[in-house]
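Novice: Chains A, B and C, in that order, are what the protein sequence lines are. Quick note on numbering: the first sequence equals residues 0 to 104 in numbering that gives the first Met the number 0. Quick note on numbering: the second sequence equals residues 0 to 219 in numbering that gives the first Met the number 0. Quick note on numbering: the third sequence equals residues 0 to 221 in numbering that gives the first Met the number 0.
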Amino acid sequence: MNIFRRQRSDSPVVEESVYPLIASLTPRSKTAIRGRVVRIVRQPTQGLPTLLVRIEDASGAATAVWLGRRSIGGLDLGRTVVIEGVPMTSATGLRFLNPAYTLLP
Amino acid sequence: MHMIIVGCGRVGSTIARELQSQGHEIVVIDRNKDAFRRLGEDFIGRKVAGIGFDRAVLEEAGITPDSAVMAVTSGDNSNIMIARVAREMFGVQRVAARIYDPKRAAIYQRLGIATVATVAWTSNQILNIVFPQQSSPTWTNPTSSHFIYERHIHASGAGRAIDEFTTEECRVVLLGRNGVTQIPPTTVLLQDGDVLHVLATSAAIAMFDHAVTAHQGSHS
Amino acid sequence: MKIIIAGAGSVGRYMAEQLSSTGNEVTLIDSDANAISRVNIAGVTVTLGDACEVDTLSKAGSSNADVVAAVTGDDEDNLVISLLAKQEFAVPRVVARVNNPNNEWMFNEMWGVDVAVSTPHLLTAMVEEAVSIGSLVRIMKFEHGKAQLAEVTLAAGSPAIGTRIADLGLPRETTVVAIMRDGHVLSPQADIPLHQGDEVVVLLTGDVEQDVRRVLIGNSAS
């Protein structure tokens, strides 16, 4: 992910208008969203660790799923994060599988 | 340290011999017994013939969460499987995988597995991942006053701004993440898996290493 | 449906032919030019390339594929293809072939696999089904392992003999799919009483194997 596209060195805050809203996403179309971590669940799948992180923006929420991980450094409740990947539909809303992520202040 | 090297080709056998000479407990896994010949007569580590992502084979190699595992077979896919089994099934923290295809490497980095490209490979690169503070600098100026060090960020450094580690004697000059390398703004927050090149004096890098691994406040 | 098959060996080619003949849009991927040139099936598109690479999967149309089937002769490739199909293209259904049963444990959601098919496993189950009487044979799993197709051939001492299906007391998460009797397949009407020798095919959607065994086999093990 190109961090320069989103951040100018004199501006630590990313403009919100750069990212599409979660509610406007088209499934299976590569995208990046920005939101806050509102829930983290560690769920074993077939006995192996899986991390589910629910991310919310002004329009709704999506879940980032990381296979085989128990935690991701810095990805804590309340953290603002950008998620980049291809969303898929699921029973619980849109999911991103092993997305690229960028921690924001 | 107990170290498991999967793949006894030129790379694997070289690392195995080097690490053994440093006194570590080495186990080499390869599908093909003949490959062990590359280790030479005086190799005293253990050899296990078998498939590196097979649970029984890894158990036979004595894998524990404290082991270090290096997947350096000639197959990218095998290396990723070995890395994931070691980390997910056996809880190994120190895992490195060699990936020939740079595009694949970028994707696998998102699985949180430290990958090393073959083209730029030296045993140093793999060792950089397993022994972060002991590897030699990649560059030094003629008077040896300043050095560039490669550093891999883990969970303890994640979430902290590069700002925090920037001083007059220490600057992060390159940040590699998900296959993209850039000169980072100091406002960027570090993440688990980031590969940094740090320009610093030797005193400053020691402080950097200490600061980046220290557990601070709410960071777990 | 739009289906991508990775692996143009005999299995992949057979699948392509079958699926294309029933009106699906099929693309075959293989990195071997010879294998690709041997494909001469009406309506099937071929893509030359390594299916373990995102670019190849993209060229083959994974972005709007309904199914990706990873059926190469190499388990490592099949797992990687499956993961990429799920992760990079959000393909709704990913089917993967298991070549070595020792690797079967990896073929699940952890690698993006929705359905794993292991020929040795299936063959064994078919053999078991043919020879075992009085034990529960697991035939196949569905839906991420949440549904299990199984069968029991009722032995002489089975408590289910003479009982109507409705009165069996099978747990709620059990569906009797069919009864095979004397070479006929009977649809499981609730008022059919079971006979010795009936092969009862069931779909289990919960952890109910023990209960099903108790009802159809009785208290003596297996």
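Yeah, the Cβ is synthetic: ideal placement off N, Cα and C, and Gly gets one too. Predicted model only: the values in this text are computed from it and were never measured.
For Phe141/C, list the residues DSSP reports as bridge partners.
Specialist: Ala146/C
Novice: Are the C-beta of Gly67/A and some C-beta of chain B separated by less than 8 Å?
Specialist: yes
Novice: What does DSSP give as the partner residues of Ala31/A in its beta bridges?
Specialist: Paired residues: Glu83/A.
Novice: Taking contact to mean 3 or more Cβ pairs, one atom from each stretch, closer than 8 Å, check whether the stretch 56-76 of chain B and the stretch 110-120 of chain C are in contact.
Specialist: The stretch 56-76 of chain B is not in contact with the stretch 110-120 of chain C.
Novice: Where do the ends of the alpha helix (DSSP H) carrying Ile79/B lie?
Specialist: 75-83
Novice: Would you kindly work out how many angstroms separate the C-alpha atoms of Ile106/B and Asn177/B, rounded to a whole number?
Specialist: Linking Ile106/B to Asn177/B through their CA atoms gives a straight-line distance of about 7 Å.
Novice: Count the other CB atoms within 10 Å of the CB of Glu167/B; is the residue buried (16 or more) or exposed (fewer)?
Specialist: exposed
Novice: When burial is assigned at 16 or more other CB atoms within 10 Å of the CB, is Gly125/C buried or exposed?
Specialist: The sequence shown places Met at residue 125/C, rather than the Gly named in the question. Looking at its Cβ environment, which holds fewer than 16 other Cβ atoms inside 10 Å, Met125/C is exposed.
Novice: Which of the three DSSP states, helix, strand or coil, is assigned to Ile216/C?
Specialist: coil
Novice: Identify the continuous beta strand (DSSP E) that holds His151/B and give its terminal residues.
Specialist: 146-151
Novice: Have a look at the DSSP bridge pairing and note the partners of Gly59/A.
Specialist: Asp56/A
Novice: Would you decide whether Asn76/B is buried or exposed? Buried here means 16 or more other CB atoms lie within 10 Å of its CB.
Specialist: Result: buried.
Novice: From Ala160/B, Gly156/B, Ala113/B, Ala203/B, pick the residue whose C-alpha is nearest to that of His145/B; which is it?
Specialist: Ala203/B
Novice: How would you call His241/C, buried or exposed, if buried means at least 16 neighbouring beta carbons within 10 angstroms?
Specialist: No information on residue 241/C is available, as it lies outside the stretch 0 to 221 that chain C covers here.
Novice: Apart from the five residues just before and just after Val118/B, which ones in its own chain have a Cβ nearer than 6 Å to its Cβ?
Specialist: Interpretation of Val118/B is limited by its pLDDT of 47, a score under 50 that renders its predicted location unreliable; no figure is taken from the coordinates.
Novice: Starting from Gly21/B, find everything on chain A with Cβ-Cβ shorter than 7 Å and list it in chain order.
Specialist: Note that residue 21/B is Gln in the sequence shown here, rather than Gly. Result: empty, since nearest Cβ-Cβ is about 28 Å, beyond 7 Å.
Novice: Should the stretch 191-209 of chain C be called in touch with the stretch 134-152 of chain C, which here means at least 3 C-beta pairs below 8 Å?
Specialist: yes
Novice: According to DSSP, what are the bridge partners of Tyr100/A?
Specialist: Looking at the DSSP output, Tyr100/A shares a beta bridge with Ile82/A.
Novice: Could you name the residues of the same chain whose beta carbon sits closer than 7 Å to that of Thr173/C, not counting the 5 residues immediately before and after it, in chain order?
Specialist: Excluding positions up to five away in sequence, the list reads Val201, Leu203, Val207, Val211.
Novice: Assuming His1/B is part of the beta strand (DSSP E), what are its boundary residues?
Specialist: 1-5
Novice: Taking the alpha-carbon positions, what's the Val10/C to Lys58/C distance?
Specialist: Val10/C and Lys58/C: Cα-Cα distance of roughly 22 Å.
Novice: Of all the options Arg33/A, Ala31/A, Leu50/A, which has the alpha carbon lying nearest to the alpha carbon of Val40/A?
Specialist: Leu50/A
Novice: According to DSSP, is Ser20/C part of a helix, a strand, or is it coil?
Specialist: helix
Novice: Work out the CA separation of Ala67/B and Ile3/B for me, nearest whole Å.
Specialist: Pairing Ile3/B with Ala67/B, the inter-Cα distance amounts to about 6 Å.
Novice: Determine whether the beta carbon atoms of Val172/B and Ile147/B lie at a separation below 8 Å.
Specialist: yes
Novice: Mind listing which residues of the stretch 69-82 of chain B have their C-beta closer than 9 Å to chain C's C-betas, in chain order?
Specialist: Gly74, Asp75, Asn76, Ser77, Ile79, Met80
Novice: Can you find the residues in the same chain that come closer than 6 Å, C-beta to C-beta, to Ala88/C, ignoring five residues on each side of it along the sequence?
Specialist: The sequence as given places Phe at residue 88/C; Ala does not occur at that position. For Phe88/C, where only same-chain residues beyond five positions count, the Cβ hits under 6 Å are Ser61, Ser62.
Novice: Going straight from the alpha carbon of Thr88/A to that of Pro26/A, what length do you get?
Specialist: 6 Å
Novice: Determine whether the Cβ of Val85/A lies closer than 8 Å to any Cβ atom of chain C.
Specialist: So yes, Val85/A belongs to the interface.
Novice: Among the candidates Arg137/C, Gln147/C, Leu78/C, Lys85/C, whose CA atom is the shortest distance from the CA of Phe106/C?
Specialist: The alpha carbon of Phe106/C has as its nearest neighbour, out of Arg137/C, Gln147/C, Leu78/C, Lys85/C, the alpha carbon of Leu78/C.
Novice: Under 8 Å Cβ to Cβ from Arg170/B, same chain only, skipping five residues before and after it: list those, please.
Specialist: Only Val197, Leu198, Ala199 meet the Cβ criterion.
Novice: Out of Arg38/A, Gln42/A, Pro98/A, Ile54/A, state which residue places its alpha-carbon closest to the alpha-carbon of Ala22/A.
Specialist: Ile54/A
Novice: So, for Ala99/A: in the same chain, excluding its five sequence neighbours on each side, which residues have a beta-carbon less than 8 Å away from its beta-carbon?
Specialist: Met0, Ile82, Glu83, Gly84
Novice: Where does Val201/C fall in DSSP's three states?
Specialist: strand
Novice: Check distances from the C-beta atoms of the stretch 73-92 of chain C to those of chain A and list, in chain order, the residues that come in under 7 Å.
Specialist: Lys85, Gln86, Glu87, Phe88, Ala89
Novice: In angstroms, rounded to a whole number, what distance separates the CA positions of Ser30/C and Ile161/B?
Specialist: Each residue's alpha carbon lies about 44 Å from the other.
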